[in-house]
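Student: Structure below; questions to follow.
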Amino acid sequence: MFLGLALPSLALIALAILVPRIIERWMPETVFGMATTAAVSSVVLWALSACGFALLYQLENPQLTALLFSTTGSLSYFTTLGAKAVIIWGPVLALVISTAPRRWTTNTW
Numbered sequence: 001m002f003l004g005l006a007l008p009s010l011a012l013i014a015l016a017i018l019v020p021r022i023i024e025r026w027m028p029e030t031v032f033g034m035a036t037t038a039a040v041s042s043v044v045l046w047a048l049s050a051c052g053f054a055l056l057y058q059l060e061n062p063q064l065t066a067l068l069f070s071t072t073g074s075l076s077y078f079t080t081l082g083a084k085a086v087i088i089w090g091p092v093l094a095l096v097i098s099t100a101p102r103r104w105t106t107n108t109w
């Protein structure tokens, strides 16, 4: 139970905290910078979620993964799973982005 549900969820939550914190270093300290950070972080987290699901499938059953990657719909399958994972990392990402002005050093909100 723990390895199947809690560990991947905790990994997605940790990524939802780390990814925007890393990306916001290169963004301007403005509202536009916050929106850009949110958009870029969402795309990166979506891709990382899809790759994470592909890795979990590979660890569970390598033959099934070989079958999935031999068809044309496998990429859309994993990207769909990554999009469904927004239920886990979306609220955390919103909280991290909304607290970004507290970490600004040159601008004030």
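When we follow UniProt numbering, the leftmost residue of the sequence shown carries the number 1, and every step to the right adds one.
Even for Gly, the Cβ is constructed at its ideal location relative to N, Cα and C.
(1) Taking the C-alpha atoms as reference points, what is the distance between Ala39 and Val96?
(2) Taking the alpha-carbon positions, what's the Pro101 to Leu5 distance?
(3) Along the alpha helix (DSSP H) that carries residue 114, what are the first and last residues, could you check?
(4) On the three-pair Cβ rule with 8 Å, is the segment 8-18 touching the segment 57-69?
(5) Quick one: what's got a C-beta closer than 6 Å to Gly82's C-beta in the same chain, skipping five residues either side?
Tutor: For this structure:
(1) 13 Å
(2) 33 Å
(3) Since the first and last residues shown for the chain are 1 and 109, residue 114 lies out of range.
(4) no
(5) Trp46, Ser49 and Ala50
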